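Student:
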Amino acid sequence: MQTIFVQVKCELGEAYNVADSAIMDIEEVSEVHSTSGQYDLMMKCYLKDDTDIGRFVTENIQKIRGVKDTFTIITFKAFS
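Take 359 as the starting number for the sequence shown in the working numbering and just add one per residue.
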């Protein structure tokens, strides 16, 4: 299992709709947080090891109505 975070910039007024769509429609999205700064949302996604990350983001996250831009962070190790 691989974990990625996707920061999402939304069209004005669409952040809540984008967050709802991501949670409801994309199984791999486990959490969506609203954030301050250049991006409106941060999505935590769990992907199978053989998933093409670029394809996942472009075919799932970027196609949500209201998404303007994304920035993907690939993680290596979780510490607890």
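Even for Gly, the Cβ is constructed at its ideal location relative to N, Cα and C.
Small disclaimer: the values here were computed from a predicted structure and weren't measured.
If you compare alpha carbons, which of 382, 435, 368, 406 is closest to residue 395?
Tutor: 368
Student: Where does residue 392 fall in DSSP's three states?
Tutor: strand
Student: Please check the pair residue 399 and residue 366, which I expect to be a contact at CB under 8 Å, by giving their CB distance rounded to whole angstroms.
Tutor: That pair is a contact at about 4 Å.
Student: For residue 367, which beta-bridge partners are listed by DSSP?
Tutor: DSSP lists 427 as partners of residue 367.
Student: Roughly how many angstroms lie between the CA atoms of residue 434 and residue 387, to the nearest whole one?
Tutor: 18 Å
Student: Assuming residue 380 and residue 392 make a contact with CB atoms under 8 Å, what is their CB distance in whole Å?
Tutor: With 8 Å as the limit, residue 380 and residue 392 do not qualify as a contact, their Cβ atoms being about 12 Å apart.
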